[in-house]
Each structure stands twice: as C-alpha cells, then as structure tokens.
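In what follows, a single structure is set out as structure tokens and then discussed.
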Amino acid sequence: MPERLLYNLTFDEFAAWMNKHGEKPFHARQVFEWAYRHNAASFEDMTNLSKELRLDLAETFRVGPLQPAAVSAGAEATKLLLNLPHEKGGSVECVRIRMGNTYTACLSTQIGCNVRCTFCATGQQQCERNLSVGEILLQLISLRAKGLTGEEPATADEPFYPVSNVVFMGMGEPFHNYPGTVAAVRMLTDKRAFGMSPSRITVSTSGVVPMIRRYTQEGLRTELTISLNASNDEVRQRLMPGASKWPLSEVVAACKEYSEATGGQPVTFAYVIIEGVNDLLDHTRELGKLLRHQPHHVNVIPLNPVSHANLRAPSKERINAFIHHCRQFGLNVSLRHSKGVEIDAACGQLRARRQG
Ligand code: SAH
Ligand code: SF4
C-alpha cells in the first residue's frame, strides 16, 4: 500500500488532485463520504465509484484503519498502539473511551513531548517528531474501526464505533504541533469530512501562550483545556519544566481572551493532584486567586501511578478536603476519575511499557 495518506489532504486539495486526473468534483465528495462518514477500510469498498478510479486511488493513497501493534482493553477504555506507515516510522497511542452509547477518542499529536512533565510517561520520551494531520486523523479512523482488536465485530446496525467526541489528550503537546493540530480540527469540523460540532472537540495544552492567542484568532471555537497542575510558578516549574517559560498569570490572561472571543465559554483547568506537591491548603487559596476573573472549570485528577517517579495521589480524604477548600475560595471544581487506570490510560504509558 502507498505511504501517502488520503487523510493528509483537505477537501480542496483532494478535489484538485481528482480534477488533475480528469475526475468530477462529485467523485471527490463521494470518496470523502466513504473515508470519513463510513470509515471505509479500502478504496475497494467504495462501491459507487468505477473500478478504474478505485484502482487509481489505491495506487496513490493509503486509506483505512491500521492494525494495532498492541491493544490494552479495560471495562471503559481501550487503548491502541499504532505503528505509523511513515518513512521515519514511529508509534503512537490513542484511546477509545466509552461514554454511554457513544465514545470519546483521545488522540496524540506528537511522538514524545518536550514539556517533560515529571508525572507523565510521554514527558520522559523526548519528542521525536510532530504527527501530520493525516496521522492524527488515522488514529480516529483506527479507533472507530470494529473487528481489529478481537472485541466487537462490525454489524449492519453499527458498522463502526460511534465516536461523538474527540480530545487532544494523548501523547504530545498539541500547540508544539500547531499546524497539525489546527488542520486536524478543521477536518473534524468540515462537513465534507467528519462534520463534528466544535463543542465536541477539546484541545488540551500545557499552556503555550503565543499559540493559545493564535488559536483564539482561528475562531474554531472548540473546548479548551489547560493542564494547570500547579497554583504558582514555582511548583509549575518543578512539575512541568518545559511549560514554565510562560508565567501562570499570562496563561490565564490568554485563556481570558479565549473565553471572551467565544462568548464567555469557560476554559477547563486540569489539575493532576500529587501528594505533598500541589495538594496543600495554600494551593487552593492561590488557585482561587488565579482564576477569580476567569470563566473556568477545574478538574481535579488523582495522579495515575507512574513507574519512573516517586509520586503518588493523595488519599481520598485529602483530595476531598482539597476540593472543599477550592469551593470555599469560589472555584467551580469537580473530581474526575481517569477512566483507564487499569489500561495505563495516562498518555504514553503503554508505549513506555512496550519499550521497556
Ligand atoms: N500535552 C497536552 C496534551 C496531553 S493531555 C497537555 O498536557 O495538556 C494529557 C493529560 O494527561 C494532561 O492533562 C496531563 O496532566 C494528564 N496526565 C499525564 N500523566 C498523568 C498521570 N500520571 N496521571 C494522571 N494524569 C496524567
Ligand atoms: Fe507533554 Fe502533556 Fe505529558 Fe506534559 S502532560 S509531558 S505537556 S503530554
């Protein structure tokens, strides 16, 4: 199969390719419908196209899900490790999380991550490269495909897993791969491709201030999450060395602009809580002050155990006390349990384990 991913092309780029090959724009629409609406496994499956066109396309482009190199399945989440069909190779993780009758897909944007968060498995792996838009979307295509992982077979009623939400919370810092991330969001919301509402897409960032500002200008109006994890710059420097270039005050100022540009939409602040590091009463006071004028939602996430660092989550009582104090300081806060502790769902953990 050719290496060139169909998913790397916008609709206009693909329509231009078709035009150059003497095909009507109408057929470009049909191919996109098969690829994105039906999660087609091959060009062969695109039965309303001529045999000739299907063969032409199959010689040029790669389409369809990847067979995962490893699968880790739990009750609520399934994680895939994908070996990418790229000249430079590389593997990434992505996760499908059950949300009632539909699913959320968690996608990676880079191989490794240079933010180097001490509590994160991905942060221990230096960033090898950015993923292309096609490689980001290929994760979603692979997560939607049924029958790859020996779980559920495809049925006439449900030929693929219905993924209603996408979060950019896998490996990598989305705003260190700004072009790939933005192009992926555009394809997710493009009605000729995935056709999702931006309100069902969440971009999560460690807080790359200039890129938050640039993203605001794009007007894409997705949900925005900041991995805050600290209430002051000193703790943040310790936990997230590569993110501390921008002081928290500036991160929050950039979030405020995002909220204002999106009609007052709150920004979510993720707070991985770690015993003795960021779980003190003083921290709740600082958080209250930091977010006082910002439409926000704070998600407290108990640390998933990581093998490389001597860190652990506080006790339940301590976490509850932390949340209680946050509320007293006026914060809108809730506890979020990771849905995939048993499958190493925190980003980068499956890949880290495979590589020893
Ligand atoms: N780099 C971006 C996108 C990845 S999101 C970002 O950090 O926002 C990955 C999420 O998983 C982050 O919110 C991070 O704080 C969280 N995470 C990483 N390691 C974790 C662990 N050991 N336990 C719980 N959450 C973790
Ligand atoms: Fe990178 Fe996010 Fe992991 Fe930090 S938490 S190392 S920013 S992927």
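Just so you know, this note's numbering puts 844 at position 130 of the sequence shown, and the rest follows in order with no gaps. Backbone N, C-alpha and C define an ideal beta-carbon position, used for all residues, glycine too.
Is the beta carbon of residue i within less than 6 Å of some heavy atom of the ligand SAH?
i, result
"SER920", "yes"
"VAL1020", "yes"
"LEU953", "no"
"ILE855", "no"
"VAL986", "yes"
"ILE926", "no"
"CYS820", "no"
"PHE833", "yes"
"ILE1015", "yes"
Are there any heavy atoms of the ligand SF4 lying less than 6 Å away from the beta-carbon of residue i, as far as the coordinates show?
i, result
"GLY933", "no"
"THR939", "no"
"VAL829", "yes"
"GLU887", "yes"
"GLY710", "This structure cannot speak to residue 710, because the chain is shown only from 715 to 1070."
Roughly how many angstroms separate the alpha carbons of residue i and residue j, rounded to a whole number?
i, j, result
"LYS876", "LEU995", "Before going on, a small fix: residue 876 reads as Pro here, not Lys. So the two alpha carbons sit approximately 42 Å from each other."
"LYS734", "LEU845", "28 Å"
"PHE833", "HIS1022", "8 Å"
"LEU1045", "GLN840", "35 Å"
"THR998", "CYS831", "21 Å"
"ALA772", "ARG812", "33 Å"
"LEU857", "ASN815", "15 Å"
"LEU723", "GLY848", "8 Å"
"TYR750", "LYS860", "15 Å"
"GLY909", "THR916", "15 Å"
"GLU887", "GLY736", "40 Å"
"THR903", "VAL896", "11 Å"
"GLY1070", "GLY884", "Summary for GLY1070: the model assigns pLDDT 38, below 50, so the residue's position carries little reliability, and this model does not support an answer."
"VAL922", "ASN828", "12 Å"
"ASP947", "ALA870", "53 Å"
"PRO924", "LYS959", "11 Å"
"TYR929", "GLU865", "38 Å"
"ARG1026", "ASP993", "11 Å"
"MET715", "LYS802", "16 Å"
"ALA898", "PRO799", "18 Å"
"PHE740", "MET732", "10 Å"
"VAL1047", "ARG914", "21 Å"
"LYS970", "PRO779", "39 Å"
"GLU758", "PHE882", "31 Å"
Are there 16 or more other CB atoms within 10 angstroms of the CB of residue i, so buried, or fewer, so exposed?
i, result
"SER963", "exposed"
"GLN1042", "exposed"
"ALA789", "exposed"
"ASP726", "exposed"
"ARG718", "exposed"
"ARG1050", "exposed"
"SER1102", "The first residue shown for the chain is 715 and the last is 1070, placing residue 1102 beyond what the model contains."
"SER1029", "exposed"
"GLY837", "buried"
"LEU769", "exposed"
"HIS752", "exposed"
"GLN781", "exposed"
"PRO1016", "buried"
"HIS1038", "exposed"
"GLU932", "exposed"
Less than 7 Å between the beta carbons of residue i and residue j, yes or no?
i, j, result
"ALA1079", "ALA729", "Since the displayed the chain opens at 715 and closes at 1070, residue 1079 lies outside it and no answer follows."
"HIS1010", "PRO980", "yes"
"ASN797", "ALA783", "yes"
"ILE850", "GLY894", "yes"
"VAL1014", "ILE988", "no"
"VAL777", "LEU821", "no"
"PRO961", "ARG935", "no"
"TYR892", "LEU942", "no"
"ASN762", "THR818", "no"
"VAL991", "ALA835", "no"
"ALA968", "ILE926", "yes"
"PHE746", "ALA907", "yes"
"PHE889", "THR919", "yes"
"TYR972", "LEU1004", "no"
"ARG1012", "PHE983", "Per the sequence shown, residue 1012 should be read as Val rather than Arg. In this structure, PHE983 lies closer than 7 Å to VAL1012 by Cβ."
"THR823", "ARG810", "no"
According to DSSP, which residues form a beta bridge with residue i?
i, result
"LEU1049", "VAL1014"
"LEU795", "ALA784 and GLU807"
"MET813", "THR816"
"SER918", "THR939"
"TYR985", "VAL1014"
"ARG824", "In the sequence on display, residue 824 carries Gln and not Arg. GLN824 pairs with ASN844."
Quick check on residue i - is its C-beta less than 7 Å from some C-beta in chain D?
i, result
"SER963", "Protein chain content of the structure displayed is limited to a single chain, and chain D is not contained in it."
Can we count residue i as close to the ligand NAD, meaning its CB is less than 6 Å from some heavy atom?
i, result
"MET883", "Looking for the ligand NAD in the displayed structure turns up nothing; the ligands present are the ligand SAH and the ligand SF4."
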